[in-house]
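In our numbering, the protein residues as written are 1 to 95. See below for the structure under consideration.
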């Protein structure tokens with residue numbers, strides 16, 4: 001019973017470390033991808049050559065298209081993080 005408990009605590013600790021890193025890096029990655037999209041949408045809204053309706057339509061379209069692309073990039077970043085952490089854990093266990 002003691003071995004199972006120790007193993008379970010070790011697994012939960014590793015999971016906690018992974019989730020902390022995942023959320024920290026995930027949020028940073030999302031902000032890195034989304035802030036330029038927001039800036040570009042603000043520029044569209046400030047374009048004096050467009051009507052109010054054109055501004056709204058173009059900004060919404062831009063946000064929709066770029067956000068979908070950004071989500072895939074963030075997912076790839078998080079998969080890479082999981083791989084990096086798994087390799088680090090494996091190397092630590094080998095020593």
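Don't be surprised by glycine CBs; every beta carbon is placed ideally from N, CA and C.
Locate the alpha helix (DSSP H) running through residue i, then write down its first and last residues.
i, result
"residue 48", "That residue, residue 48, is in no alpha helix (DSSP H); it is neither H nor E in DSSP."
Please state the DSSP three-state secondary structure of residue i.
i, result
"residue 80", "helix"
Would residue i count as contacting chain B if we go by Cβ distances under 7 Å?
i, result
"residue 94", "Although the question refers to chain B, the structure presented lacks it and comprises just one protein chain."
Hey, is residue i close to the ligand COA, as in C-beta under 6 Å from one of its heavy atoms?
i, result
"residue 24", "With respect to small molecules bound, the structure shown includes none, and the ligand COA cannot be examined in it."
_Count Cβ pairs between the region 77-90 and the region 60-67 that sit closer than 8 Å; are there 3 or more?_
no
*Determine, using beta-carbon pairs with one atom in the region 26-39 and one in the region 70-84, whether at least three such pairs fall under 8 Å.*
The region 26-39 is in contact with the region 70-84.
*Are three or more beta carbon pairs between the region 53-60 and the region 32-44 nearer than 8 Å?*
Yes: at least three Cβ pairs fall under 8 Å.
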